[in-house]
Amino acid sequence: MKKSLNTICYRIFTNLANPTRIAVIEKLIDNPMSVTELATALGQEQSMISHNIKPLIQCNILTSHREGKKHILTVNLEIVAPLFDAIESHAEKFCPVAGKCLNEE
Numbered sequence: 001m002k003k004s005l006n007t008i009c010y011r012i013f014t015n016l017a018n019p020t021r022i023a024v025i026e027k028l029i030d031n032p033m034s035v036t037e038l039a040t041a042l043g044q045e046q047s048m049i050s051h052n053i054k055p056l057i058q059c060n061i062l063t064s065h066r067e068g069k070k071h072i073l074t075v076n077l078e079i080v081a082p083l084f085d086a087i088e089s090h091a092e093k094f095c096p097v098a099g100k101c102l103n104e105e
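The opening residue of the sequence shown carries number 1 in our numbering; numbering runs sequentially from there.
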């Protein structure tokens, strides 16, 4: 049975609605890395990074392949680049006042 757009959007945006996961994606966009390298680059515990990459891999936002003993993480640019471009375009066009689209406190 095909899932509704509501369900699909909820799952994807829930996976992205986490500052650590966004930081992971941003760090990996130009430079694939191992989990250990990524944890060091972000100043996070390796267990925290591993916890946060799992849903991104399940959602095909990140891919992982083995090089020797390392699992190298790569961003799926086919999905992420247009998505981030759309978000950035929306923010520039419809959120010109700082924080207008954000529920900043």
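No residue lacks a Cβ here, since even glycine has one placed at the ideal position from N, Cα and C.
| query | For lysine 12, does the three-state DSSP call read helix, strand or coil? | reply | Position 12 of the sequence shown, counting from 1, holds the residue named residue 12. Residue identity check: residue 12 is isoleucine in the sequence provided, not lysine. In the structure shown, isoleucine 12 sits in a helix (DSSP, three-state: H, G or I).
| message | Extract the residue ranges of the beta strand (DSSP E) inside the segment 44-89, only unbroken runs of 3 or more that lie entirely within it. | response | 62-67 and 70-75
| query | Is it true that the segment 33-50 meets the segment 65-85, where meeting means three or more beta-carbon pairs spaced less than 8 angstroms apart? | reply | yes
| request: Return the Cβ separation of lysine 27 and alanine 41 in integer angstroms, given the expectation that the two are a contact with Cβ distance under 8 angstroms. | output: Stepping through the sequence shown from its first residue, residue 27 is reached at position 27. Stepping through the sequence shown from its first residue, residue 41 is reached at position 41. With 8 angstroms as the limit, lysine 27 and alanine 41 qualify as a contact, their Cβ atoms being about 6 angstroms apart.
| query | Could you check where the alpha helix (DSSP H) with proline 106 kicks off and where it finishes? | reply | The first residue shown for the chain is 1 and the last is 105, placing residue 106 beyond what the model contains.
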